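Asks: Following this message is one structure expressed as structure tokens.
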Amino acid sequence: MAYDHREIEKKAQEKWTGLDLYRADLSDDTREPYYLLAEFPYPSGDLHIGHWYAFAVTDIYARMLRLRGRNVLFPIGFDAFGLPAENAAIKHGLDPSEWTYKNIARMRAQLISMGASFDWSKEVLTCDPGYYQWTQWLFTKLFEQGLAERRAAPVKWCPKDQTVLANEQVIDGRCERCGTEVEEKRLTQWFLKITDYAERLLEGLAELPWREEIKEAQRAWIGKSEGAYLEFPIPHRDEKIKVFTTRPDTVYGATYVVLAPEHPLLETILASVQNVDAVRAYIRDTKRKTERERSENKEKTGVKLEGVLAINPATKEEIPVYVADYVLGSYGTGAVMAVPAHDERDAEFAHAFNLPVLEAQPASWDAITMMGGERVTHYRIRDWLVSRQRYWGCPIPIVYDPSGKPHAVPAEHLPWLLPTDVDFKPTGEAPLASSKELKERVTRIFGEGWTPEYDTLDTFVDSSWYFFRYLDPKNPHDFSDAVLMKKWLPVDRYSGGSEHTTMHVLYARFFTKALYDLALVPIEEPFHERFNRGLILGPDGQKMSKSKGNVVNPDDFVATYGADAVRLYLAFVGPYNEPGNYPWNLDGVAAMRKFLERVVRLMERAREEAPTPDSVAESVARTSAKIAADGDRFKFNTGIAALMTLLNAFEDTPPPTAALRAFIIMLAPFAPHLSEHLWEKLGGEGSVHQASWPAASRATVQESEVAVQVNGKRRGSVRLPLAASEEDAARAARALPAVTAALAGKDPARTVYVPGKIINLVS
RNA sequence: GCCAAGGUGGCGGAAUGGUAGACGCACAGGACUUAAAAUCCUGAGAGGGCCUAAAAACCUUCAUGUGAGUUCGAGUCUCACCCUUGGUACCA
Numbered sequence: 004m005a006y007d008h009r010e011i012e013k014k015a016q017e018k019w020t021g022l023d024l025y026r027a028d029l030s031d032d033t034r035e036p037y038y039l040l041a042e043f044p045y046p047s048g049d050l051h052i053g054h055w056y057a058f059a060v061t062d063i064y065a066r067m068l069r070l071r072g073r074n075v076l077f078p079i080g081f082d083a084f085g086l087p088a089e090n091a092a093i094k095h096g097l098d099p100s101e102w103t104y105k106n107i108a109r110m111r112a113q114l115i116s117m118g119a120s121f122d123w124s125k126e127v128l129t130c131d132p133g134y135y136q137w138t139q140w141l142f143t144k145l146f147e148q149g150l151a152e153r154r155a156a157p158v159k160w161c162p163k164d165q166t167v168l169a170n171e172q173v174i175d176g177r178c179e180r181c182g183t184e185v186e187e188k189r190l191t192q193w194f195l196k197i198t199d200y201a202e203r204l205l206e207g208l209a210e211l212p213w214r215e216e217i218k219e220a221q222r223a224w225i226g227k228s229e230g231a232y233l234e235f236p237i238p239h240r241d242e243k244i245k246v247f248t249t250r251p252d253t254v255y256g257a258t259y260v261v262l263a264p265e266h267p268l269l270e271t272i273l274a275s276v277q278n279v280d281a282v283r284a285y286i287r288d289t290k291r292k293t294e295r296e297r298s299e300n301k302e303k304t305g306v307k308l309e310g311v312l313a314i315n316p317a318t319k320e321e322i323p324v325y326v327a328d329y330v331l332g333s334y335g336t337g338a339v340m341a342v343p344a345h346d347e348r349d350a351e352f353a354h355a356f357n358l359p360v361l362e363a364q365p366a367s368w369d370a371i372t373m374m375g376g377e378r379v380t381h382y383r384i385r386d387w388l389v390s391r392q393r394y395w396g397c398p399i400p401i402v403y404d405p406s407g408k409p410h411a412v413p414a415e416h417l418p419w420l421l422p423t424d425v426d427f428k429p430t431g432e433a434p435l436a437s438s439k440e441l442k443e444r445v446t447r448i449f450g451e452g453w454t455p456e457y458d459t460l461d462t463f464v465d466s467s468w469y470f471f472r473y474l475d476p477k478n479p480h481d482f483s484d485a486v487l488m489k490k491w492l493p494v495d496r497y498s499g500g501s502e503h504t505t506m507h508v509l510y511a512r513f514f515t516k517a518l519y520d521l522a523l524v525p526i527e528e529p530f531h532e533r534f535n536r537g538l539i540l541g542p543d544g545q546k547m548s549k550s551k552g553n554v555v556n557p558d559d560f561v562a563t564y565g566a567d568a569v570r571l572y573l574a575f576v577g578p579y580n581e582p583g584n585y586p587w588n589l590d591g592v593a594a595m596r597k598f599l600e601r602v603v604r605l606m607e608r609a610r611e612e613a614p615t616p617d618s619v620a621e622s623v624a625r626t627s628a629k630i631a632a633d634g635d636r637f638k639f640n641t642g643i644a645a646l647m648t649l650l651n652a653f654e655d656t657p658p659p660t661a662a663l664r665a666f667i668i669m670l671a672p673f674a675p676h677l678s679e680h681l682w683e684k685l686g687g688e689g690s691v692h693q694a695s696w697p698a699a700s701r702a703t704v705q706e707s708e709v710a711v712q713v714n715g716k717r718r719g720s721v722r723l724p725l726a727a728s729e730e731d732a733a734r735a736a737r738a739l740p741a742v743t744a745a746l747a748g749k750d751p752a753r754t755v756y757v758p759g760k761i762i763n764l765v766s
């Protein structure tokens, strides 16, 4: 053991705490601000490799930017409401609050142990009344604006967690959290009207310098489609069947109409259908199926409504009407005109039911308008369902008057505290309904006959605005500070998991736009840059999971090799700017430790102060520029490689102390503890983390190796002054025997010369 | 199916259209050691040639999923195809 990492880490961390090194002074105007954000964690209890990957690697950039003179805000907090606390309460009889705060305390210590330079003075806990008071206040603002709305709608229900879910929380027809197949229920719930912002959420993407795949995923989720409403009258009745189509021009080829089994018109029309029983049976069958079963079965099924016809508004012909489950009640109007000649699904259905396929002339927009067509745009995105029938969440700040009308809880009664006299067991009823205190509170404040809202908010609401709160986390008078928001927002760079692309990131964008419209925040887009992080897999290349037994505990490696080696390993394993999957390589951490030990040995060979030779100054400058540029792209793997290359060179020819100090400064973001230790040994002032990044402007390079090609094929290389002319370069190139041979006595017709790179002789 | 991102040694990965494989792991040989570990040095894309007792050096061909193309020059640009990963899906 070339060095004692435990001792060094302990000393370094104490030193930083003593110097209060990472407190960001947000009012400091002498340095340019930079807001670096990593998605705050859920306090599950233990830091795993994923947390290390999320925070330790992002921390490298925070540290690098500080050394480069930026005023960096790198905050941390906990997304502390949520189901696991409640499940622990049910399973082990613990208090969810106690369970949560205990986990937070434990994770704080672990986060500090990785050497992360968080500004703990800005910490935010979403379950703290001082925080959720403002979640509630913002909710009431949205409510007053009509953006929070209570209504009955078919909703996704998880029978295991006994709560409703947002559309975004249903993955392949299953609950995102527990994997149980979701059911559909019709319930009265709170929604945030994200659909009102569909177009602006789409437009806003254009300006953002995000990776295309992130933008595309959001665009697909919003799902814009432009088309038209067309009406198909039912003869001898008042009703018309309104359909949505993206291809109104194909209306001449519409040979039948299909209603979704959920279509409301079925109720009224059923009496005049001759085969009522068959239709009823089909509707019943459909209802019994889960959404998953319904979409898995691609075989087209359906029933004709005997005795009911519809008139094609283009051809005026009477065409049959079917009910079929390939048409969804929740999209468009729940009814489609079927054009088997143009639509694959219609073609399949027509084939199964022996319906005619009609190639027809296209209809012009004029013609479509004449037949009552109306241009319309539809979006796939649904309003955000935020009610949860669970305990450990932010209480919805709503009370109902005796007539059942909802009212926002006035600001002076916020925080609207989560009651504690509650039965947690999930029954399908909201747990808060069992609280006597809550009912009494409502009666006391609002009067007899008033009743509380018993549901709590989806935790994604809590996390939709936390980045505003970080600027002024303790403000008792406002959710954030207007002046600081203007200066510090938007977040410069936001790092997180790809699983949040269509959930958290979309919600936060919606929240920001809504608050902007309320003149509460100065920005329309919350995150200037967004980076999705990859995944660290088990040593077997599989996703880590307890059941596979391939979970790697970072604590073991930290104990053996030190936090710095683990940080370096995670940064070196692959580019951080794209979400790749990297297997945990057991030898990898050991290799990083060896690298650090070589650094220690190099420092022991430090010579007395001596002037730095130009060539050494130049490699230091080149390395500094490379690491900084790579850091800006979130490519820490190549930055470390540059540092290793420099170390290799220094080992061959030990440089003077000034160059060693520069090396340690560049190492400091990656290996903060050891660098602090070595900095002291080299007689550096204060903390290495307060030093200045080595200047990247390099001494003028005099000469470089130029590759020589003949007709594009490499034949050798020559050393040339950078200023060498094309003629000089050609002359030097032709002097090479290999070139003479390749030219075989002929003069080249022309040359292509890229100074410092190549000279190509073309015949 | 559709959309997106990818495909480079045994492995993780490097390469603003300009010397492919940086850096590291694993591997092999050597030094040190009584021995091992650690450390240090050296080697290596694949094949062939030349010279050899053997090697080095040297020369040469082929190499970035496959096939074409643009270019003085292509891992990088264009087209087609194959495969992998992620997102999404009877969304009319």
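385 is the number that the working numbering gives to position 382 of the first sequence; each next residue is one higher, with no gaps.
All residues carry an ideal CB built from backbone N, CA and C; glycine is no exception.
Bear in mind that the values here come from a model prediction, so they are computed numbers and not experimental data.
(1) Let me check understanding here. Comparing Cα to Cα, which of A699, L421, S406 and S466 lies closest to T454?
(2) Do Q165 and G450 count as a contact pair if the criterion is CB distance below 8 Å?
(3) DSSP state of A155, grouped into three classes?
(4) Pick from W387, P398 and F471: whose alpha carbon is nearest that of T505?
(5) Short of 8 Å in beta carbon distance, which residues of its chain neighbour D543, apart from the five on each side in sequence? Order them along the chain.
(6) Going by the DSSP bridge assignment, what does A41 pair with across the sheet?
(7) Are at least three pairs of beta-carbons, each pair with one atom in the stretch 327 to 340 and one in the stretch 252 to 272, less than 8 Å apart?
(8) Taking DSSP as the reference, what is the three-state secondary structure of Y6?
(9) How long is the line joining the alpha carbons of F673 and T143, rounded to whole angstroms?
(10) Using 8 Å as the cut-off, can you tell me whether the stretch 308 to 321 makes contact with the stretch 214 to 228, which would need three or more C-beta pairs spanning the two stretches below that distance?
(11) Count the CB pairs spanning the stretch 192 to 206 and the stretch 318 to 329 that are closer than 8 Å, and state whether there are at least three.
(12) Using a Cβ-Cβ cutoff of less than 6 Å, which residues in the same chain neighbour R297 once the five nearest sequence positions on both sides are dropped?
(13) Could you pull out every residue in the same chain whose Cβ sits closer than 8 Å to the Cβ of L650, ignoring the five residues on either side in sequence?
(14) Less than 8 Å between the CB atoms is what I'm expecting for D484 and P365, so what's the real figure, rounded?
(15) Could you spell out the range, first to last residue, of the alpha helix (DSSP H) harbouring H680?
(16) Please classify W368 as buried or exposed, where buried requires at least 16 other C-beta atoms within 10 Å of its C-beta.
(17) Touch check for the stretch 91 to 101 and the stretch 135 to 149: three-plus C-beta pairs under 8 Å?
(18) Would you give the residue range spanned by the alpha helix (DSSP H) that T626 belongs to?
(19) Could I get the ranges of all uninterrupted alpha helix (DSSP H) runs contained in the stretch 448 to 517, with 4 residues as the minimum, in chain order?
(20) For A613, I'd like the list of residues in its chain whose CB is within less than 7 Å of its CB, leaving aside the five on either flank, ordered along the chain.
(21) For the beta strand (DSSP E) that contains G719, what are its first and last residues?
(22) State whether the stretch 530 to 537 contacts the stretch 562 to 582, with contact taken as three or more CB pairs (one from each stretch) at a distance under 8 Å.
(23) To the nearest angstrom, report how far apart A370 and E377 are at their CA atoms.
(24) Which of the three DSSP states, helix, strand or coil, is assigned to V602?
(25) Classify P642 as buried or exposed, calling it buried when 16 or more other Cβ atoms lie within 10 Å of its own Cβ.
(26) Figure out for me which residue from I244, P557 and L312 has the closest Cα to the Cα of D49.
(27) Quick one, which of E42, G80 and L195 has its alpha-carbon nearest R111's?
(28) Who are the Cβ neighbours of V282 in its own chain at under 8 Å, not counting the five residues just before and after it?
(29) Going along the chain, which residues of its own chain have a beta-carbon closer than 7 Å to the beta-carbon of V691, five neighbours each way excluded?
(30) Determine the closest residue to R664 out of T615, G634 and D62, with distance taken between C-alpha atoms.
(31) Using three-state DSSP, classify V282 as helix, strand or coil.
(32) Bridge partners of I1, per DSSP?
(33) Across which residues does DSSP place Q192 in a beta bridge pair?
(34) Could you tell me the boundaries of the beta strand (DSSP E) in which A231 lies?
(35) For N763, which of helix, strand or coil comes out of DSSP?
Replies: Taking the structure as given:
(1) S406
(2) no
(3) strand
(4) W387
(5) K551, N553 and P586
(6) S498
(7) yes
(8) coil
(9) 44 Å
(10) no
(11) no
(12) D328
(13) F598, R601, V602, L605 and F666
(14) With a Cβ gap of about 58 Å, D484 and P365 do not count as contacting.
(15) P675 to K684
(16) exposed
(17) no
(18) D617 to D635
(19) 462 to 465, 469 to 472 and 485 to 491
(20) P659
(21) K716 to P724
(22) yes
(23) 11 Å
(24) helix
(25) Checking the sequence, you will find Gly at residue 642 rather than Pro. Answer is buried; the Cβ neighbour count reaches 16.
(26) P557
(27) G80
(28) L269, L273, V276, V306, L308 and V326
(29) I667, I668, A671, S678, E679 and W682
(30) T615
(31) helix
(32) Since the first residue of the chain shown is 4 and the last is 766, residue 1 is not available in this structure.
(33) R154
(34) K227 to P236
(35) strand
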